[in-house]
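*Asks:* In order, the protein sequence lines correspond to chains A, B and C. In terms of the numbering used here, the first sequence is numbered consecutively and its last residue is 295. In terms of the numbering used here, the second sequence is numbered consecutively and its last residue is 1478. In terms of the numbering used here, the third sequence is numbered consecutively and its last residue is 2319. This structure is in structure tokens; I'll ask about it shortly.
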Amino acid sequence: MSDRLSVFKTYKLYVGGKFPRSESGRVYEVQDSKGKWLANAPLSSRKDARDAVVAARKAFGGWAGATAYNRGQILYRVAEMLEGRKGQFVHEVAHAEGLSKNKAAEVVDAAIDRWVWYAGWTDKIAQVVGGANPVAGPYFNLSTPEPTGVVTVVAPQDSSFLGLVSVIAPVIATGNTAVVIASEKSPLPALSLGEVLATSDLPGGVVNILSGKAAEMAPHLAAHQDVNAIDLTGATEGDLARELEIAAADNLKRVLRPRTEDFTESPGTDRMTAFLETKTVWHPTGSLGASGSSY
Amino acid sequence: MASAFEYAPAPESRAVVDIAPSYGLFIDGEFVEAADGKVFKTVSPATEEVLSEVAQAGAEDVDRAVKAARRAFEKWSALPGSERAKYLFRIARIIQERSRELAVLETLDNGKPIKETRDADLPLVAAHFFYYAGWADKLDHAGYGANPRPLGVAGQVIPWNFPLLMLAWKIAPALATGNTVVLKPAETTPLSALFFADICRQAGLPKGVVNILPGYGDTGAALVEHPDVNKVAFTGSTAVGKSIARSVAGTHKKVTLELGGKGANIVFDDAPIDQAVEGIVNGIFFNQGQVCCAGSRLLVQESIQDELLDSLKRRLNTLRLGDPLDKNTDIGAINSSEQLARITSLVEQGEAEGAERWTASCEIPSAGYWFAPTLFTNVTQAHTVARDEIFGPVLSVLTFRTPDEAVAKANNSQYGLSAGIWTEKGSRILAVAGKLRAGVVWANTFNKFDPTSPFGGYKESGFGREGGRHGLEAYLDV
Amino acid sequence: MPTTAPAALAFADVTASDSALRRFLHGLPGVDAVGLEARAASLGTRSIKTTSKAYAIDLAISMIDLTTLEGADTPGKVRALAAKAVRPDPTDRTTPTTAAVCVYPDMVATAKATLAGSGVKVASVATAFPAGRAALPVKLADTADAIAAGADEIDMVIDRGAFLSGRYLEVFEQIAAIKAECGDRARLKVIFETGELSTYDNIRRASWLGMMAGADFIKTSTGKVAVNATPANTLLMLEAVRDFRAQTGVQIGVKPAGGIRNTKEAIKFLVLVNETVGEDWLDNHWFRFGASSLLNDLLMQRQKLATGRYSGPDYVTVD
């Protein structure tokens, strides 16, 4: 058995529900924490990023318009699919982050549980952050949260899987679509997650995963006029976050700045609310006409 | 409008307001001169009369004010919420008591009709303080976790279109949550903010909690960029909003921006037509159209276009333009010569691009800044007047054939602040409202505001919400 | 058969059957109650002072249908009312006369005699006022009786029961029949009793129904129910006559009645007229107030404007 030559996996991007190579034809070497070669990952270009935005925009209407229940079921399905492929992710996370198998298993368990947490949020967030406003006049007035649109996510550099899931799930739970730049040095769990998402009834384009250099792709995504928001969590390199925030001002993207974060802790709602708009609808009520005013 | 029934002039008395010949900056509870001694004049846009000379804050004054606010923050934020609430309730009540004075003042400095300052601005200002006063001791229950903390010093920059109301939208939630503020009113309308300083004095507000720094854009920039400001709140143009977003990049300053708009007011063939006409008029001619959420694009279903436009033009010819202090004036003065020049140039561009201009027949006073209610027909999405915010009494009329097309055209804008829907069909209202990318959707009404109702935009209309429970978030460390 | 009013010809198709009429009336634009009331309230904030107030007061006096519609009406009461209509303010001969006095049919002859030569019209309610609950022949006889006694104007009530149960054609035909009875001898005012129709959509439908059937005036109320003329329902009816003229060229009058008791309110109604339909209606041929106590308040305000002093009820006549 031991002399059987294993079959290597060709890691590919996940864009628009498909698994393309980088249009640039470039790859880069991904190593484990000890410097051992793991795989060649696509080195995505700005054109790949552009294609990902097109896919994410195309998917937005359907995903935002899906029922919250439906989105919850799909996010739960992601957890189910991950549970079945746990071994693969434990293996990848252990190599990527230099963790023991047990430690990596804990991380993967937490990531699966995170999908379950957000699956349950899809049809509750509107009740928590929206509601009727008692205006002083004959009007019905209701505020509801709505997804911001296409969100660029610069995924955490260190927490290649739990951190990744922790930043993607809140974005899509509420109906946004995402263009994700995976951890530059540890992109393999992210690329494998694409395979799970593709088999979880998640419509193509809702999540798009790019591997490569954040410093190369992110400026184009930050400046992209058809991107509505950007999560800078993984933009920790040098002055990158500030530069991206400046570029994002061109069309007033919503910006979530990098911050120190322990992904093993229970998340609050702020990663969801960071990419929600509040829409407030007014309508006259009037009276039934019994006395005074008629209808 | 020539009629047998002419209305005799019915001017509100100016005597209720006493404007001093000069005003200082309000820093640390006192009126002081600018460090460099600079002053500027504020004029009444209806007459070009100089109302007062106002100190102009420079970078040094900004620093002084921020330091005062920082000193005040420690005690103010440590006060029990119930005590902060009482200060805000006091302010709300004093505003109600002085509302006639403030309405006249605002009309003089801004040029908007007394009818609006009296019936809209001032009641909303008082209501806003009253609403947020009640939040000050209930923040634990606002949905932001237990004991949410204030941010610190808020730097706030407000526009000239609703000077005192925008001040209220900024200051009330900031103080309720325990922040202290430095606020810059617009250079053309500094007076009501300075009168507000006097209200703070009457209310016994601790010194330094509210600081008012009149000035121009450079004053605002110095305030926004001051390193000891923790929170930036801006209402104004999208261009300035973008520059603020750039200038705070890489800092920890929390930002909310309430910017421009090009609101679509969609009228379906089954609309309650007379009310729709009123809604269109209110949507674009309220405050001379100098409203970020104005319904400046009329999207009318093609099948009723002629009928609706006839009604609209007939109605526009009844609008009374003139002395803003006259209680019967519907359309007041444009706020400044600069704004008038901008409106004029965009309207000229509209004509040059082939849109058909129609202007209501009304006499324009000889002094002051005025623009008669105007609409453009034969407008397409490609026309500048259909895309750029004019911020004046100018309506662009476009047509659509189906609900899908209406939504697509309404959303085809870099802005996303407001929209209107007129139809008697309930399901259509809900379907269209759901698809519009706008922060406020008025169905069978327009331009309604309330302190409990969150307000703010999608896309380039800015981010963050003002008003309601949502409005607290901008001033809390959550 | 009734003679056909000119406007009716334009709507021959619409009024050919109950179902066609219902389709037409239900196809009229809806009314948003809050928006309508807000518009009426906003016009109510107009400030009418000095010369414009003097104009409005005289105009309002000249538009009054000075009304007494009591079971206790007597010839003496009606004579006193008629005398007041002719000379509202005995101390000031420049005061205009009212437009008409409005009485029950049996009081028409008395009113007519007192008003002879004054130019003040006699209006009579008819058609089993105020309930309208009688058979058509009775209503026609009631109308004929009033006209025979000299009525210049007939204020009929519609059958609200028929209207509310959707029998629009029946209401239409009754109005047309009364109109035929009036012929060119009397102008016809059609009272909807808006307080009983209850919804603004119904008021708009009733307005069109009445106008198509030949009404010369549409009138809000009898004054006998809880809700009578309001700025909002009058505004709505003004919009109806405006649209009707735009469509047919035929001008119809409007008469709010009941509940308008003081000058301030009356002027608000005149502002509604001025800004909704304009000066073509600012004349007692096209706009009336159905009122009684309003007149004295207008007279007191008129005295105040003339003298600069506030007047009191002892300085106007009680009739």
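Every residue, glycine too, gets a C-beta built ideally from N, C-alpha and C. Treat the numbers as computed from the prediction; the structure is a model and nothing was measured.
Can you pull the chain C neighbours of residue 286(A), defined as C-beta to C-beta under 7 Å?
*Replies:* Position 286 of the first sequence, counted from the start, is the residue given in the question as residue 286(A). What residue 286(A) touches in chain C: 2033 and 2034.
*Asks:* Just to check my reading of the structure: residue 137(A) and residue 1121(B) have Cβ atoms closer than 8 Å, yes? What is that Cβ distance to the nearest angstrom?
*Replies:* Taking the first residue of the first sequence as 1, we reach residue 137(A) at position 137. Taking the first residue of the second sequence as 1, we reach residue 1121(B) at position 121. No, residue 137(A) and residue 1121(B) are not in contact; Cβ-Cβ is about 16 Å, not under 8 Å.
*Asks:* Consult DSSP for residue 40(A) and reduce its assignment to one of helix, strand or coil.
*Replies:* Working through the first sequence from its first residue, we reach residue 40(A) at position 40. Strand, per DSSP.
*Asks:* As an exercise, report each continuous alpha helix (DSSP H) stretch of at least 4 residues that is fully enclosed by the region 2151–2233 of chain C, in chain order.
*Replies:* List check, alpha helix (DSSP H) in window: 2160–2164, 2168–2182, 2194–2197 and 2200–2213.
*Asks:* What are the boundary residues of the beta strand (DSSP E) that includes residue 2102(C)?
*Replies:* Residue 2102(C) sits at position 102 when you count from the first residue of the third sequence. Counting along the chain, the beta strand (DSSP E) containing residue 2102(C) begins and ends at 2100–2103.
*Asks:* Use the C-beta contact count for residue 200(A): other C-beta atoms within 10 angstroms, 16 or more gives buried, fewer gives exposed.
*Replies:* Within the first sequence, the letter at position 200 stands for residue 200(A). Sixteen is the threshold: when 16 or more other Cβ atoms of the shown chains lie within 10 Å of the Cβ of residue 200(A), as they do, the residue is buried.
*Asks:* Report the three-state DSSP secondary structure of residue 1298(B) (helix, strand or coil).
*Replies:* The sequence position of residue 1298(B) within the second sequence is 298, counting from 1. Correct three-state label for residue 1298(B): strand.
*Asks:* Considering only residues of the same chain and omitting the five flanking positions on each side of residue 1017(B), which have a CB-CB separation below 6 Å?
*Replies:* Residue mapping note: residue 1017(B) aligns to position 17 of the second sequence, counting from 1. Closer than 6 Å at the Cβ level, and outside the excluded window around residue 1017(B), lie 1101, 1104 and 1105.
*Asks:* At least one CB of chain A closer than 8 Å to the CB of residue 1429(B): is that the case?
*Replies:* Taking the second sequence and counting its residues from 1, one reaches residue 1429(B) at position 429. The beta carbon of residue 1429(B) falls within 8 Å of a beta carbon belonging to chain A, placing the residue at that interface.
*Asks:* Can you pull the chain C residues whose beta carbon is under 7 Å from the beta carbon of residue 138(A), in chain order?
*Replies:* Here residue 138(A) refers to the residue found at position 138 of the first sequence. By Cβ distance, chain C contributes 2034.
*Asks:* Look up residue 1365(B) in the DSSP assignment and say whether it is helix, strand or coil.
*Replies:* Stepping through the second sequence from its first residue, residue 1365(B) is reached at position 365. Reduced to three states, the DSSP call for residue 1365(B) is coil.
*Asks:* Residue 1007(B) by DSSP, collapsed to three states: which one?
*Replies:* Locating residue 1007(B) in the second sequence gives position 7, where the first residue counts as 1. If DSSP states are grouped into helix, strand and coil, residue 1007(B) belongs with coil.
*Asks:* Give the straight-line distance between the Cα atoms of residue 1245(B) and residue 255(A), rounded to the nearest whole angstrom.
*Replies:* For the purposes of this step, residue 1245(B) is identified with residue 245 of the second sequence, where counting begins at 1. For the purposes of this step, residue 255(A) is identified with residue 255 of the first sequence, where counting begins at 1. Approximately 10 Å, taken between the alpha carbons.
*Asks:* Would you mind working out which of 4(A), 17(A) and 5(A) sits nearest residue 195(A), comparing C-alpha positions?
*Replies:* Along the first sequence, read from residue 1 onward, the residue named residue 195(A) stands at position 195. For the residues 4(A), 17(A) and 5(A), the minimum Cα distance to residue 195(A) belongs to 17(A).
*Asks:* Tell me whether residue 1007(B) is buried or exposed, calling it buried when 16 or more other Cβ atoms sit within 10 Å of its Cβ.
*Replies:* The residue labelled residue 1007(B) in the question sits at position 7 within the second sequence. Label assigned to residue 1007(B): buried.
*Asks:* Please report the residue range of the beta strand (DSSP E) in which residue 2065(C) lies.
*Replies:* Here residue 2065(C) is taken as the residue at index 65 of the third sequence, counted from 1. That run of the beta strand (DSSP E) goes 2064–2067.
*Asks:* Return no unless some Cβ of chain B is closer than 8 Å to the Cβ of residue 2279(C).
*Replies:* Taking the first residue of the third sequence as position 1, residue 2279(C) is located at position 279. Yes, contact with chain B.
*Asks:* If the cut is a Cβ gap below 8 Å, which residues of chain C does residue 1279(B) touch?
*Replies:* For the purposes of this step, residue 1279(B) is taken as the residue at position 279 of the second sequence. For residue 1279(B), the chain C residues whose C-beta falls within less than 8 Å of its own C-beta are 2035, listed in chain order.
*Asks:* Determine, using beta carbons only, whether residue 155(A) and residue 141(A) come nearer to each other than 8 Å.
*Replies:* What you label residue 155(A) is simply residue 155 of the first sequence in a count that begins at 1. What you label residue 141(A) is simply residue 141 of the first sequence in a count that begins at 1. In this structure, residue 141(A) does not lie closer than 8 Å to residue 155(A) by Cβ.
*Asks:* Less than 8 Å between the beta carbons of residue 2028(C) and residue 2205(C), yes or no?
*Replies:* To locate residue 2028(C), count along the third sequence from 1; it is residue 28. To locate residue 2205(C), count along the third sequence from 1; it is residue 205. Yes.
*Asks:* Runs of 4 residues minimum, wholly inside the region 79–150 of chain A: which ones carry the alpha helix (DSSP H) assignment?
*Replies:* Counting only runs of 4 or more residues that sit fully inside the region 79–150 of chain A, the alpha helix (DSSP H) segments are 86–97, 101–121 and 125–129, in chain order.
*Asks:* Could you list which residues in chain B have their beta carbon closer than 9 Å to that of residue 2207(C), in chain order?
*Replies:* Translated into positions along the third sequence, residue 2207(C) becomes position 207. Going along chain B, no residue has its Cβ under 9 Å from residue 2207(C), so there is no contact; the nearest lies around 12 Å.
*Asks:* Am I right that residue 1044(B) and residue 1020(B) are in contact with their C-beta atoms under 8 Å? What's the rounded C-beta distance?
*Replies:* As a position in the second sequence, residue 1044(B) is number 44, starting the count at 1. As a position in the second sequence, residue 1020(B) is number 20, starting the count at 1. Going by Cβ atoms, the distance from residue 1044(B) to residue 1020(B) rounds to 15 Å, so no, they are not a contact pair.
*Asks:* With which residues is residue 1183(B) paired in a DSSP beta bridge?
*Replies:* For the purposes of this step, residue 1183(B) is taken as the residue at position 183 of the second sequence. Partner(s): 1156(B) and 1212(B).
*Asks:* Counting contacts by CB-CB distance shorter than 8 Å, is residue 280(A) in contact with chain C?
*Replies:* Locating residue 280(A) in the first sequence gives position 280, counting from the first residue. Judged by the 8 Å Cβ criterion, residue 280(A) is not in contact with chain C.
*Asks:* Per DSSP, what kind of secondary structure is residue 264(A) in: helix, strand or coil?
*Replies:* Locating residue 264(A) in the first sequence gives position 264, where the first residue counts as 1. Of the three classes helix, strand and coil, the one that applies to residue 264(A) here is coil, per DSSP.
*Asks:* Applying the 10 Å Cβ sphere with the 16-neighbour rule, what's the burial state of residue 8(A)?
*Replies:* As a position in the first sequence, residue 8(A) is number 8, starting the count at 1. Label assigned to residue 8(A): exposed.
*Asks:* Compare the C-beta of residue 2055(C) with all C-beta atoms of chain B and state if any pair is closer than 8 Å.
*Replies:* On the third sequence, residue 2055(C) is found 55 positions in, with the first residue counted as 1. So, interface residue.
*Asks:* Considering residue 1350(B), what are the terminal residues of the beta strand (DSSP E) in which it resides?
*Replies:* Numbered from its first residue, the second sequence carries residue 1350(B) at position 350. Here residue 1350(B) belongs to no beta strand (DSSP E); instead the alpha helix (DSSP H) covers 1337–1352.
*Asks:* Take residue 1080(B) and list the residues in its own chain whose beta-carbon comes closer than 6 Å to its own, dropping the five residues that flank it on each side.
*Replies:* Position 80 of the second sequence, counted from the first residue, corresponds to residue 1080(B). Nothing listed; no residue qualifies.
*Asks:* How would you label residue 1110(B), buried or exposed, when you count the other beta carbons within 10 angstroms and need 16 or more for buried?
*Replies:* Within the second sequence, the letter at position 110 stands for residue 1110(B). Looking at its Cβ environment, which holds 16 or more other Cβ atoms inside 10 Å, residue 1110(B) is buried.
*Asks:* Please report the distance separating the alpha-carbon of residue 1432(B) from that of residue 229(A).
*Replies:* The residue given as residue 1432(B) occupies position 432 in the second sequence. The residue given as residue 229(A) occupies position 229 in the first sequence. Spanning the two alpha carbons is a distance of roughly 24 Å.
*Asks:* Of the choices 64(A), 110(A), 284(A) and 276(A), whose alpha-carbon is the least far from that of residue 130(A)?
*Replies:* In the first sequence, counting from the first residue as 1, residue 130(A) sits at position 130. Looking at the Cα atoms, 276(A) is the closest of the given residues.
*Asks:* Residue 1275(B) lies in the beta strand (DSSP E); which residues open and close that run?
*Replies:* Sequence index remark: in the second sequence, residue 1275(B) carries index 275 (1-based). It is not in any beta strand (DSSP E) - residue 1275(B) instead sits in the alpha helix (DSSP H) that spans 1273–1285.
*Asks:* Under a Cβ-count criterion, where at least 16 other Cβ atoms within 10 Å of its own Cβ denotes burial, should residue 47(A) be classed as buried or exposed?
*Replies:* Position 47 of the first sequence, counted from the first residue, corresponds to residue 47(A). Result: exposed.
*Asks:* If you draw a straight line from the alpha carbon of residue 2138(C) to that of residue 1114(B), how long is it in whole angstroms?
*Replies:* Position 138 of the third sequence, counted from the first residue, corresponds to residue 2138(C). Position 114 of the second sequence, counted from the first residue, corresponds to residue 1114(B). Computed Cα separation, rounded: 56 Å.
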